[in-house]
Amino acid sequence: MRMHASEFAPVAWKEPDARPAAVVAGLGTCLPRTEISNASLAEHLDTSDGWIRTRTGIASRRRAAPDASMTDLACAAAANALRSAGCTTVDALVLATTTPDRPCPAAAPEVAHRVGQGAIPAFDVSAVCSGFIYATATAAGLISAGIADSVLVTAAETYSRIVDPADRSTAVLFGDGAGAVVLRRGTAGEPGALLAFDLGSDGGGRDVIHVPGERERPEGGRWFTMAGRKVYLRAIEQMTSSAQRVMKDCAWSPETVGAFVAHQANARIIDAVADRLQVPSAAAVCEIARVGNTAAASIPLALADATEGGRLKPGDRTVLTAFGGGLTWGSAALTWPRLTPVRSEI
Ligand code: UT7
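Written out as structure tokens, the structure is:
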């Protein structure tokens, strides 16, 4: 795993395919049933279906029912991932979210309890839209350190609870949803093996995407805010360079990449990064149209759509990349496994 340029020489394996790796074994998702169209938002906001589609690629997004929590979505996605992997128990659970139902405690122990995992270690990771990559890297680290043989990585968000419904610059972008993967101990030669990670952050950009804290709230200002244009440019730059680093670590040339799955924030950003990476245009996965930006949940949701749609095939060289608040960014390279995603709605 690369955090930054290392001063330590990597260990060379005689048989690279035999080296230990965390392997993706199952994929689950859960979406709220309620779909909010662009037209329905345009009834009370100064926006239009045309503006939203052209600028973002979004046609509709899901909104959790008032009695459905982030934790409910997380539990359903986690249970579905276990079913997809054909297993009933894991050794640890890592949950990525920036929209917890409560500030304290973390939601992961409740998710572990509700999906029947008993006393396993369980904790939340908060890296905003990079959360799934950060949580996956953390889980892979638990496996490579010998702490766990299998980890349930879950990403769940309810941005509808933190976005100002009267702010057209954010209300049209975000949606609710959850996705999860099961990772197990395996080898680098197996389909599903996670082969490289790249993680980074820049706290100097902490105000670019944020929800004000209790002590810094201006009158009534409790909502999520994002400096869209600044984020747009930075997201393209950081996702491109981060994805390039994992491709270099794997010695993958761009034309050999079968699937490029970026955080689904904006179709134009996905196209721009794919273009800069020079991966085949058919490799770029864009599944934002029906779900919008689901923050940490966007990559596993897109992976499930692309697998079901046949665009992501077993053995495909797959590059994941994300950028979000913090600022944070991260990428992962893996070969895609043979699996059937399990999905549900609540
Ligand atoms: O998930 C975490 C990471 N997030 C991202 O990566 C999101 C990155 N940013 C973006 O995707 C884009 O910047 C946005 C979709 C947020 C905005 O698109 P843009 O092409 O960058 O538009 P803009 O912010 O430059 O705004 C252009 C115009 C402005 O009006 P003026 O100043 O030109 O008169 C905005 O006020 O569009 C206006 N505008 C809207 N108009 C209609 C902003 N939101 C809307 C809206 N409907 N919903």
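Numbering-wise (the working numbering), the sequence shown opens with residue 1066 and increments by one.
Note that CB positions come from ideal geometry on N, CA and C, so glycine has one too.
- Taking the Cα of P1365 as reference, the smallest distance to any Cα among A1129, S1234, W1401 is reached at W1401.
- Distances from the alpha-carbon of G1244 to those of F1262, V1237, A1221, P1230 put A1221 closest.
- For the pair L1260 and C1194, the CB atoms are not nearer than the 8 angstroms cut-off.
- Within the DSSP secondary-structure output, E1222 pairs in a beta bridge with G1242.
- Between A1397 and A1202 a beta carbon distance of about 7 angstroms is seen, short of the 8 angstroms cut, so the two are scored as contacting.
- Between the alpha carbons of A1161 and S1363 lies a gap of roughly 11 angstroms.
- Taking a cut-off of 8 angstroms for Cβ pairs, the stretch 1252-1272 and the stretch 1318-1335 do not touch, as fewer than three such pairs fall below it.
- The beta carbon of A1300 sits closer than 6 angstroms to the beta carbons of I1334, F1388 from its chain, once the five residues preceding and following it are set aside; these are given in chain order.
- At a threshold of 7 angstroms, S1234 counts as near the ligand UT7, since its beta carbon sits closer than that to one of the ligand's heavy atoms.
- When Cβ pairs closer than 8 angstroms are counted between the two stretches, the stretch 1273-1285 is seen not to touch the stretch 1239-1258, the count staying below three.
- Counting C-beta pairs with one atom in each stretch, the stretch 1112-1121 and the stretch 1129-1141 have fewer than three that are closer than 8 angstroms, which means they do not touch.
- Shown here for A1367: same chain residues with a beta carbon closer than 7 angstroms to its own, the five before and five after excluded, namely V1326, Q1329, V1350, E1352 in chain order.
- DSSP, reduced to helix, strand and coil, places W1116 within a helical segment of the structure shown.
- Runs of beta strand (DSSP E) with 3 or more residues, each lying fully within the stretch 1109-1176, are found at 1125-1128, 1157-1161, listed in chain order.
- The three-state secondary structure of P1406, taken from DSSP, is coil.
- For S1125, the closest of T1153, A1177, G1240 by C-alpha to C-alpha distance is G1240.
- Taking all protein chains in view, the Cβ of R1294 is surrounded by fewer than 16 other Cβ atoms within 10 Å, so the residue is classified as exposed.
- Around the beta carbon of S1102, a 10 Å sphere encloses fewer than 16 other beta carbons of the protein chains shown; the residue is thus reported as exposed.
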